[in-house]
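Counting with the numbering used here, you get residues 83 to 408 for the letters of the sequence shown. We put the beta carbon where it would ideally sit given N, CA and C, even for glycine. For reference, the structure is listed below as structure tokens.
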Amino acid sequence: MPRQARIDYPGALHHVIGRGIERKAIFKEEADKSLFLKIIKEQLSKSKVQIYAWSIMDNHFHILLQTGETSLAEFMRGVLTGYAVNYNKKQKRVGHLFQNRYKSILCDKDEYLLPLIRYIHLNPVKAGIVDINSLYKYNWTGHRELLKKEEEGIIAREEVLGYFGKTERKAIDSYKEYINEGIELKEDYEGGGLIRSAGEMDEAIKRRSEDYQTYDDRILGDGEFVEKVYNTIEEKLNYKIKDIETLIIKIAKYYKVKEAELLETRKKGTREARSVLVYMAIKYLGESGKSIGKKLGIGIAAASISREKGRQICTEKEDILESIIK
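Have a look at this one:
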């Protein structure tokens, strides 16, 4: 059976899993894991990819990331090729290091972001490598850098903690409690399709019997989300807007305001235009709430509110997408 093409677009959330060939160790020493993280950080500096969770085991890794203008394929090619070249040179070996191609599951961010963060960060605990009480000082997951900001960290820490609380202290406490709640859970997020999206076989059968829904093994999400993904892919084939600068110009023209006014926080009469800008930048260009917020002089929480307002505006005004995006 021919393998299916990856699904990707700006703003897509992916759970990426890479394994060593024949499931052999690809990180034999701690220095290898450090090198892998260094290469990921280098690739992040060249892209707008956001990482929300990660875990490195001896023979495989997990990364939960959101793509931006840089595609998943381009980002992972830089990471895997960069690591393989260095590793093979060090070990004086030739040939493939990773098993076939890496696995990527496109995920419904609203439903699965937090469960996936927990699942990935608990990987070494479930594998018996470290106990939950020592996870905070374990070097090879993103758990530690969520608890304490690190100079060399790779996680979009502010955004992740924003889902758990308004202040850093409350967010960390809430995050730790959420992690602890997952220790006894038997979860499987290493694929998509009906059964994983439903959570268990009985629920999957129930969904199939009640009404027909579309499911895709490449996607972790319900039928409605899968249809939304398909529509997004189809729509994006026709988008003329490819970068944030062009989007700003088009929105300023649509609302008959100056581009500079659109970027000014306190400028009256631009609130609706700014909300539309935030929504479209995140949805169609894959900008993060943090990056678009920085351009507009607002924080992640305000960007999230603006995004929802922008979504409502675009739903109510049927001509706006046609005028700006297409």
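Residues bridged to residue i (per DSSP)
{"i": "C189", "result": "L95 and L302"}
{"i": "S357", "result": "According to DSSP, which records beta bridges pairwise, S357 is partnered with nothing at all."}
{"i": "T223", "result": "S137"}
{"i": "R389", "result": "Paired residue(s): none; R389 is not in a bridge."}
{"i": "F180", "result": "G102"}
{"i": "Q394", "result": "BP columns for Q394 are empty, so no partner."}
Presumed contact (8 Å Cβ cut-off) between residue i and residue j, rounded CB distance
{"i": "K191", "j": "L95", "result": "4 Å"}
{"i": "R101", "j": "Q181", "result": "4 Å"}
{"i": "P206", "j": "Y194", "result": "Incorrect: roughly 20 Å between the Cβ atoms, too far for contact."}
{"i": "S370", "j": "E241", "result": "7 Å"}
{"i": "V131", "j": "T149", "result": "6 Å"}
{"i": "I236", "j": "L119", "result": "6 Å"}
{"i": "I387", "j": "G244", "result": "At roughly 12 Å, the Cβ-Cβ gap does not stay under 8 Å, so I387 and G244 are not in contact."}
{"i": "E343", "j": "K349", "result": "5 Å"}
{"i": "L117", "j": "Y165", "result": "7 Å"}
{"i": "L302", "j": "Y271", "result": "7 Å"}
Exposed unless 16 or more other CB atoms sit within 10 angstroms - verdict on residue i
{"i": "I287", "result": "Because I287 sits at a pLDDT of 44, beneath the cut-off of 50, its placement in the model cannot be relied upon, and the following sentence gives the value as read from the coordinates. With fewer than 16 Cβ atoms within 10 Å of its Cβ, I287 is classed as exposed."}
{"i": "P92", "result": "buried"}
{"i": "R239", "result": "buried"}
{"i": "E234", "result": "exposed"}
{"i": "L162", "result": "buried"}
{"i": "H178", "result": "exposed"}
{"i": "D114", "result": "buried"}
{"i": "T328", "result": "exposed"}
{"i": "R290", "result": "Its pLDDT being 48, under 50, R290 is placed unreliably by the model, and nothing is read from it."}
{"i": "S405", "result": "exposed"}
{"i": "D299", "result": "exposed"}
{"i": "T347", "result": "exposed"}
{"i": "L31", "result": "This structure does not reach residue 31, given that the chain is present from 83 up to 408, and the question cannot be answered."}
{"i": "E104", "result": "exposed"}
{"i": "I323", "result": "buried"}
{"i": "E373", "result": "It should be pointed out that residue 373 corresponds to Ser in this sequence rather than to Glu. That one is buried."}
{"i": "G274", "result": "buried"}
{"i": "V311", "result": "buried"}
{"i": "G210", "result": "exposed"}
{"i": "G368", "result": "buried"}
{"i": "G351", "result": "exposed"}
{"i": "I99", "result": "buried"}
{"i": "I89", "result": "buried"}
{"i": "G379", "result": "exposed"}
{"i": "V167", "result": "exposed"}
{"i": "T397", "result": "exposed"}
Limits of the alpha helix (DSSP H) - the one that residue i falls within
{"i": "F118", "result": "E112 to S127"}
{"i": "L329", "result": "I326 to Y337"}
{"i": "N262", "result": "E250 to E263"}
{"i": "R159", "result": "L154 to Q173"}
{"i": "N205", "result": "N205 to K208"}
{"i": "V242", "result": "R239 to G244"}
{"i": "L267", "result": "No alpha helix (DSSP H) contains L267, which DSSP labels as neither H nor E."}
{"i": "K372", "result": "G371 to L378"}
{"i": "L344", "result": "E341 to L344"}
Span of the beta strand (DSSP E), counted from its first residue to its last, around residue i
{"i": "L147", "result": "H142 to Q148"}
Beta carbon proximity, residue i to chain C, threshold 8 Å
{"i": "M158", "result": "Among the protein chains of the structure shown there is no chain C, as only one such chain exists."}
Say whether the stretch 199 to 206 touches the stretch 151 to 166, bearing in mind that this needs 3 or more beta-carbon pairs closer than 8 Å, one atom from each stretch. no
Say whether the stretch 391 to 402 touches the stretch 340 to 357, bearing in mind that this needs 3 or more beta-carbon pairs closer than 8 Å, one atom from each stretch. yes
Please determine if the stretch 176 to 194 and the stretch 244 to 261 are in contact, where contact requires at least 3 C-beta pairs separated by less than 8 Å. no
Can we say the stretch 140 to 151 touches the stretch 107 to 127, given the rule of at least three CB pairs closer than 8 Å? yes
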